[in-house]
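Trainee: Structure in structure tokens, see below.
Chains as they are written, first to last, in the numbering used here: chain W, 416 to 708; chain P, 21 to 117.
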């Protein structure tokens, strides 16, 4: 990873006072905090950077090391000690420094994730919010149902509410990235992706479907059966129904999201089928009909 | 108020190391709903996420209650606009098909 200038990240000068550092951090945190920038990955990343910069520059000991060693400041002291020991060894000093080196790293790592001042002595930061997609069909989202999904190796049962739309999001609290300084884990946002359905078109909670009607039912009237997502329904066709005519079936459409028991409407467009492969007798009768008009 | 388990406000405050007066102040500003049973104040489980967000804004970012009120209002409007945009995108997609 490229060396990051924490002073630049916080937009302050190297001689900034602890109060200046604190003020700069607060100002930027208010701008980029994940609570104030929902679903904004760039803001989240920026917040992590300023948080890291504040953890270093806001801690006098870390700041001193950072100012002294710059890049690789976390291990600067060890490096310096190792160099000193190496030079002593070169002049006949006896002690090995390799085992010493390993232990120090752990100390530094624990220091890195140690503490910072703030509410209750420590500022706790929520982990990063993560996002994922879940593909759901129109038929699946017709009813509220539960689905088990795998999140980082954990099986999580989620409830998919009836009537969700393509692009809708739900939040799974605490399933995001781990928090810092004992803060809560971030959230996982699941976006529902709904593919187009081959039979139904959806506009909000209204559904649109095409039903085929034979010529004789269209002319003389009758009854047809229409498939809906809620099951088959019988529909009366008025005599002299025209091709492309639409009927509206109230509350036979799609469930209204977060409004249990409420449904949109179903719009049925009639597609009148003209008979093909006519027999001689049928042709004769159609000709007779045509002459009557 | 939506259904959900009730959590004593004192438990929430102890866990987050905050004063109970903060909950009262949020309630007075109309930012949360609470249930009072005799002397005890309870919070609905559904509101815990929002309340935690308010705690972070107030204590970590030092945003006062008026600021939190304004932010909450703007975030709600942002959510409404995002939903509207989503609906329109879906309608446009349908009309293109």
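The C-beta atom is built at its ideal place from N, Cα and C for all residues, glycine as well. Please read these numbers as outputs of a predicted model, since none were measured by experiment.
Is residue 21(P) close to chain W? Criterion is C-beta to C-beta, closer than 8 Å.
Mentor: Residue confidence for residue 21(P) is low, a pLDDT of 48 falling below 50, so the modelled location carries little weight; the figure read from the coordinates is stated next. Judged by the 8 Å Cβ criterion, residue 21(P) is not in contact with chain W.
Trainee: Evaluate residue 55(P) with the Cβ neighbour count: other Cβ atoms within 10 Å of its Cβ, from every protein chain shown; 16 or more gives buried, anything less gives exposed.
Mentor: exposed
Trainee: So, with DSSP's three-state summary, where would you put residue 517(W)?
Mentor: Residue placement at residue 517(W) is poorly supported in this model, since its pLDDT is 36, which falls under 50; the coordinates still yield a value, given next. It is helical.
Trainee: Thinking residue 589(W) and residue 576(W) are a contact (beta carbons under 8 Å), I'd like their distance in whole angstroms, please.
Mentor: Contact between residue 589(W) and residue 576(W) does not hold, since their C-beta atoms are separated by about 20 Å, which reaches or exceeds 8 Å.
Trainee: Buried or exposed for residue 460(W), please, with buried defined as at least 16 other CB atoms from any protein chain shown within 10 angstroms of its CB.
Mentor: Counting Cβ neighbours within 10 Å, residue 460(W) comes out exposed, since fewer than 16 surround it.
Trainee: Kindly list, in the order they appear in chain P, the residues whose Cβ is closer than 9 Å to that of residue 651(W).
Mentor: The premise fails here: residue 651(W) is roughly 28 Å from chain P at the closest Cβ pair, so nothing lies under 9 Å.
Trainee: Give the straight-line distance between the Cα atoms of residue 652(W) and residue 638(W), rounded to the nearest whole angstrom.
Mentor: Approximately 6 Å between the Cα atoms of the pair.
Trainee: Alpha carbon to alpha carbon, how far is residue 682(W) from residue 657(W)? Give it in angstroms, no decimals.
Mentor: Rounded to the nearest angstrom, the two C-alpha atoms are 15 Å apart.
Trainee: Contact criterion: CB-CB distance below 8 Å. Does residue 548(W) meet it with respect to chain P?
Mentor: no
Trainee: Determine, for residue 582(W), whether the minimum Cβ-Cβ distance to residues of chain P falls below 8 Å.
Mentor: yes
Trainee: Check each residue of the segment 427–452 of chain W: if its Cβ is closer than 7 Å to any Cβ of chain P, include it; give the result in chain order.
Mentor: 441, 444, 445, 448, 450, 451
Trainee: For residue 677(W), count neighbouring Cβ atoms within 10 angstroms of its own Cβ and tell me buried if that reaches 16, exposed if not.
Mentor: The residue is exposed, with fewer than 16 neighbouring Cβ atoms inside 10 Å.
Trainee: Under 7 Å Cβ-Cβ, which residues of chain P neighbour residue 616(W)?
Mentor: Simply 114.
Trainee: If you draw a straight line from the alpha carbon of residue 450(W) to that of residue 687(W), how long is it in whole angstroms?
Mentor: 55 Å
Trainee: Could you tell me the distance, in whole angstroms, from the CA atom of residue 555(W) to the CA atom of residue 640(W)?
Mentor: 22 Å
Trainee: Have a look at the DSSP bridge pairing and note the partners of residue 605(W).
Mentor: 547(W), 585(W)
Trainee: For residue 60(P), write down the residues that DSSP places opposite it in a beta bridge.
Mentor: 57(P)
Trainee: If we define contact as Cβ-Cβ less than 8 Å, is residue 667(W) a contact residue for chain P?
Mentor: No, no contact with chain P.
Trainee: Using a Cβ cut-off of 8 Å (strictly closer), state whether residue 63(P) contacts chain W.
Mentor: no
Trainee: Name the DSSP bridge partner or partners of residue 618(W)?
Mentor: 621(W)
Trainee: For the segment 420–438 of chain W against the segment 464–483 of chain W, are there 3 or more C-beta pairs whose distance is under 8 Å?
Mentor: yes
Trainee: Taking 7 Å as the limit between beta carbons, can you name the residues of its chain near residue 592(W), skipping five residues before and five after?
Mentor: Here residue 592(W) has 542, 543, 545, 600, 601 as same chain residues with Cβ atoms under 7 Å from its own Cβ, once five neighbours each way along the sequence are excluded.
Trainee: At a Cβ cut of 8 Å, what residues of the segment 74–88 of chain P count as close to chain W, listed as they run along the chain?
Mentor: 76, 77, 79, 80, 81, 82, 83
Trainee: Please list the residues of the segment 613–640 of chain W that have a C-beta atom closer than 7 Å to any C-beta atom in chain P, keeping them in chain order.
Mentor: 616, 618, 619
Trainee: What separation, rounded to the nearest whole angstrom, lies between the Cα atoms of residue 685(W) and residue 109(P)?
Mentor: 27 Å
Trainee: Just curious, the alpha helix (DSSP H) that residue 35(P) is in, first and last residue?
Mentor: 29–36
Trainee: Tell me the residue span of the alpha helix (DSSP H) that contains residue 134(P).
Mentor: An answer regarding residue 134(P) cannot be provided, because it is not within the stretch 21 to 117 covered by chain P.
Trainee: So, with DSSP's three-state summary, where would you put residue 80(P)?
Mentor: helix
Trainee: In its own chain, which residues sit with a C-beta less than 7 Å from the C-beta of residue 35(P), not counting the 5 before and 5 after it?
Mentor: Once the five neighbours on either side are set aside, residue 35(P) has no close Cβ partner at all.
Trainee: Count the other C-beta atoms from every protein chain shown that fall within 10 angstroms of the C-beta of residue 583(W), then say buried if there are 16 or more, exposed otherwise.
Mentor: Its Cβ being crowded by 16 or more others within 10 Å, residue 583(W) is buried.
Trainee: Have a look at residue 673(W) and residue 579(W) and give me their C-alpha separation to the nearest angstrom.
Mentor: 8 Å
Trainee: Residue 479(W) lies in the alpha helix (DSSP H); which residues open and close that run?
Mentor: 475–484
Trainee: For residue 647(W), go through chain P and note every residue whose CB falls closer than 7 Å to its CB, in chain order.
Mentor: Near residue 647(W) there are no residues of chain P at all, since even the closest Cβ is about 25 Å away, more than 7 Å.
Trainee: Compute the Euclidean distance between the alpha carbons of residue 507(W) and residue 477(W), then round it to the nearest angstrom.
Mentor: Any reading at residue 507(W) needs caution, since the residue's pLDDT is 47, under 50, leaving its predicted position unreliable; the model's value is listed next. Near 34 Å, if we compare the C-alpha coordinates of residue 477(W) and residue 507(W).
Trainee: If you draw a straight line from the C-alpha of residue 707(W) to the C-alpha of residue 692(W), how long is it?
Mentor: 23 Å
Trainee: Is DSSP giving residue 611(W) helix, strand or coil here?
Mentor: coil
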